[in-house]
Amino acid sequence: DQQVKQNSPSLSVQEGRISILNCDYTNSMFDYFLWYKKYPAEGPTFLISISSIKDKNEDGRFTVFLNKSAKHLSLHIVPSQPGDSAVYFCAATSSGYSTLTFGKGTMLLVSP
Amino acid sequence: DTAVSQTPKYLVTQMGNDKSIKCEQNLGHDTMYWYKQDSKKFLKIMFSYNNKELIINETVPNRFSPKSPDKAHLNLHINSLELGDSAVYFCASSQGMGNTEAFFGQGTRLTVV
Chain B
10 DQQVKQNSPS
20 LSVQEGRISI
30 LNCDYTNSMF
40 DYFLWYKKYP
50 AEGPTFLISI
60 SSIKDKNEDG
70 RFTVFLNKSA
80 KHLSLHIVPS
90 QPGDSAVYFC
100 AATSSGYSTL
110 TFGKGTMLLV
120 SP
Chain E
1389 DTAVSQTPKY
1399 LVTQMGNDKS
1409 IKCEQNLGHD
1419 TMYWYKQDSK
1429 KFLKIMFSYN
1439 NKELIINETV
1449 PNRFSPKSPD
1459 KAHLNLHINS
1469 LELGDSAVYF
1479 CASSQGMGNT
1489 EAFFGQGTRL
1499 TVV
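Here the protein sequences line up with chains B and E, keeping their order. In terms of the numbering used here, the first sequence opens at residue 10 and continues consecutively. In terms of the numbering used here, the second sequence opens at residue 1389 and continues consecutively.
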């Protein structure tokens, strides 16, 4: 039972354009959401997070949007850079549960 | 200076063997985890420890035994390895439990032949 879904296994974007990665969740108890970036043969690296009391959080080129009614969040990267090419994992947790539930990941390829 | 380090990075072993993976964090965190990434690429929680106490054991076979000698270490021992145990195992740590980010090690790719 996938509680966090990333329905796009891959995304290709040109350098300088916007990358939009999507994530859906089913568990209404989730109230904290995170995005991780993962390069091959490395562990996931924390990128950005958002609490359910917000609908947007921004950090430099990265912005996460949360739509609680739709149980949907997205990560926007603008402008995209070739170094952003990696697998991006969406994760969710709740204040009453200590661990992260991950999506399957979306591989982003940013071409020059 | 690596924040969460795990050894070894690669491990190839035969079925039936017993092996251990070590994990250390120098972030001063009080919570540590083991996650497993299987062939379908899902990252799933196996264990969670807070202040050396087991908090979560997500229906992992009892062939897997975590041990936390102190807050900075969480080792994973696996008995009687099976082919299906082949996966990438990630150690992680966080400060507190709940709504906080976890920091991951580089992973250990275990191959059982």
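For every residue, glycine included, the Cβ atom is placed at its ideal position computed from N, Cα and C. For clarity, every value in this text was computed on a predicted model and none was experimentally measured.
Short CB-CB distance (under 8 Å) between residue i and chain E
{"i": "Y41/B", "result": "yes"}
{"i": "P53/B", "result": "yes"}
{"i": "T35/B", "result": "no"}
{"i": "F71/B", "result": "no"}
8 Å Cβ cutoff, residue i in contact with chain B
{"i": "Q1483/E", "result": "no"}
{"i": "Y1421/E", "result": "yes"}
{"i": "G1486/E", "result": "yes"}
{"i": "A1475/E", "result": "no"}
Coarse secondary structure for residue i, derived from DSSP in three states
{"i": "P1454/E", "result": "strand"}
{"i": "L1471/E", "result": "helix"}
{"i": "D93/B", "result": "helix"}
{"i": "I62/B", "result": "coil"}
{"i": "E1412/E", "result": "strand"}
{"i": "K1432/E", "result": "strand"}
Chain E contact residues for residue i, given Cβ-Cβ distances below 8 Å
{"i": "P49/B", "result": "By Cβ distance, chain E contributes nothing, its closest Cβ being about 10 Å from P49/B, past 8 Å."}
{"i": "S104/B", "result": "G1486 and N1487"}
Residue i vs residue j beta-carbon contact at 8 Å
{"i": "L1415/E", "j": "F1478/E", "result": "no"}
{"i": "K65/B", "j": "D33/B", "result": "no"}
{"i": "L75/B", "j": "W44/B", "result": "no"}
{"i": "F1430/E", "j": "F111/B", "result": "yes"}
{"i": "C1411/E", "j": "Q1394/E", "result": "yes"}
{"i": "S1456/E", "j": "L1464/E", "result": "no"}
{"i": "L30/B", "j": "K46/B", "result": "no"}
Per-residue contacts from residue i into chain E (C-beta, under 7 Å)
{"i": "G114/B", "result": "K1429"}
Contacts that residue i makes with chain B (C-beta to C-beta distance below 9 Å)
{"i": "G1404/E", "result": "Ordered by position in chain B, no residue passes the 9 Å Cβ test against G1404/E, which lies about 27 Å from the chain."}
Residue i CB to nearest heavy atom of the ligand ATP below 7 Å
{"i": "T108/B", "result": "No copy of the ligand ATP occurs in the structure displayed, which carries no ligand at all."}
Per-residue contacts from residue i into chain E (C-beta, under 9 Å)
{"i": "F74/B", "result": "Going along chain E, no residue has its Cβ under 9 Å from F74/B, so there is no contact; the nearest lies around 18 Å."}
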